[in-house]
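Below: one structure, written as structure tokens.
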Amino acid sequence: MTRPVLITLDAVGGVWRYAVDLGAGLVAAGQPVCFAGFGPAPSAAQRAEAEALGPLDWGRQALDWMAQGPSDVAGAGRWLADVAARRRASVIQCNLPSLAADIPAGVPVVAVSHSCLASWFEAVRGETAPAGMRWIHDLTAAGLARADAVVAPSASHATAMTRLYNTLGTVDVVHNASRSPVPAAERSRTAVAAGRWWDESKGGATLDRAARDCGWPVLMLGADQGPNGARIDIRHADHRGHLDHDDAAQLIASAGIFVSPSLYEPFGLAVLEAARAGAPLVLADIPTFRELWNSAALFFPPGDADALATALNDLAADEARRDVLGTAAQDRARRYTTQAQTKAMAAIHDRVRDRAMATEGAA
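Count along the sequence shown from 1, add 1039, and you get the number used in our numbering.
Below, the structure written as structure tokens:
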């Protein structure tokens, strides 16, 4: 009987969607999975979604970026190793690299960096993280060093990780994907954006200022207050708040324009979901978006609300250009498939598993 892969997740952001979608792809390919989560508890709907694929365990430790200090996350790796032993998992995939720091030797570990404190501060504030948060950087570095393979969702993020964690070896790049059905929808005369807007890296303040000068309504989907107490005051855009995935997907699919003002984005799953639906894209000109969407989107300088408003108004007035950009985005989205993601991650799981077995056999 094939032993499962243990995949970590949280219920707060995009890691949930990534982990569950990857789990579904692996299960469809014949690889069983189980899940282990940390941070705020999942909703009943989230729990049911995960448990339809495999068992779900939930740890008491905090997510590192929500923790007050190292004691809040202590023992997370050892707990994961215990779950892996109980579930007979052959590999642990940590979607928060710091979780791997204290996983005992002998357990194959893949660390996937969906974001990190050091690269966030560098991109958003142009500075290093405060001294009081240095422990998160150190714990992340220890987790990356412990991992048998490290994965990033874009080459841009892999480059940043290699620069910021100078002991890091090879980083595998595996693009994210979306397996959500694309809803049938007529294009609306609205600009739509989705994100956890309380996170300043998402550029919500820039988009809200731009909305004041836009001819089309600007819909902002996503929470304005985070579990860590951070919040944003949205005054000019039509803020719809946190929506369930299906409702958000419907609005994204019907967007006349989809916009992402992010200052920092290791991948940007909402952009992919909009592109799959054929929405024309207006994106902040950051390295990740250039890497993934160059020539398939309209770009504006990050943080420049006036330039964003101009880009949105110009595109709103040009239906032919919207059609061209929407088609280009949809064509580009076909590169980032669940089949490719599943195949690549399964190959990495196999690689670390085989290496561990060879090492064990030689001992």
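A virtual CB, placed ideally from N, CA and C, is assigned to each residue, including glycine.
For clarity, every value in this text was computed on a predicted model and none was experimentally measured.
- Beta-bridge pairing by DSSP links Val1148 to Ile1131.
- Setting aside the 5 residues that flank it on each side, Ala1359 has no residue in the same chain whose C-beta is closer than 6 Å to its C-beta.
- Taking the Cα positions, Asp1362 is about 47 Å away from Gly1098.
- Judged by DSSP in its simplified three-state form, Phe1339 adopts strand.
- Inter-residue distance for Lys1382 and Arg1274 is about 44 Å (C-alpha atoms, whole angstroms).
- With a beta-carbon spacing of about 7 Å, Ala1050 and Ala1080 fall inside the 8 Å limit used to define contacts.
- Contact between Val1059 and Leu1095 does not hold, since their C-beta atoms are separated by about 10 Å, which reaches or exceeds 8 Å.
- Here Ala1188 carries a strand assignment [DSSP, helix/strand/coil].
- Using a Cβ distance threshold of 8 Å, His1214 and Gln1380 count as a contacting pair.
- The distance from the Cβ of Cys1133 to that of Ala1139 is about 5 Å, consistent with a contact at the 8 Å cut-off.
- Under the three-pair Cβ rule at 8 Å, the region 1214-1233 counts as touching the region 1275-1291.
- By the Cβ criterion, the region 1293-1305 is in contact with the region 1144-1162, since at least three pairs of Cβ atoms, one from each stretch, lie closer than 8 Å.
- Within a 10 Å sphere around the beta-carbon of Ala1230 sit 16 or more other beta-carbons, which makes this residue buried.
- Here the alpha carbon of Ser1193 sits roughly 20 Å from the alpha carbon of Phe1339.
- In the three-state scheme derived from DSSP, where H, G and I count as helix and E and B as strand, Met1040 is classed as coil.
- Counting C-beta pairs closer than 8 Å gives three or more between the region 1177-1188 and the region 1139-1152, which meets the contact rule.
- Annotated as distal: Thr1198 and Leu1207, with beta-carbon spacing of 8 Å or more.
- For Gly1076, the enclosing beta strand (DSSP E) has its first and last residue at Val1072 to Gly1076.
- In the structure shown, the three-state DSSP call for Leu1095 is strand.
- Around the beta-carbon of Met1040, fewer than 16 other beta-carbon atoms lie within 10 Å, marking it exposed.
- In the same chain as Ala1313, and ignoring 5 residues on each side of it, the C-beta atoms closer than 7 Å to its own belong to Ile1291, Ala1294, Phe1297 and Leu1320, in chain order.
- As a beta-bridge residue in DSSP terms, Arg1270 pairs with Gln1264.
- The shortest CA-to-CA distance from Ala1336 to any of Ser1299, Gly1069 and Asp1187 is the one to Ser1299.
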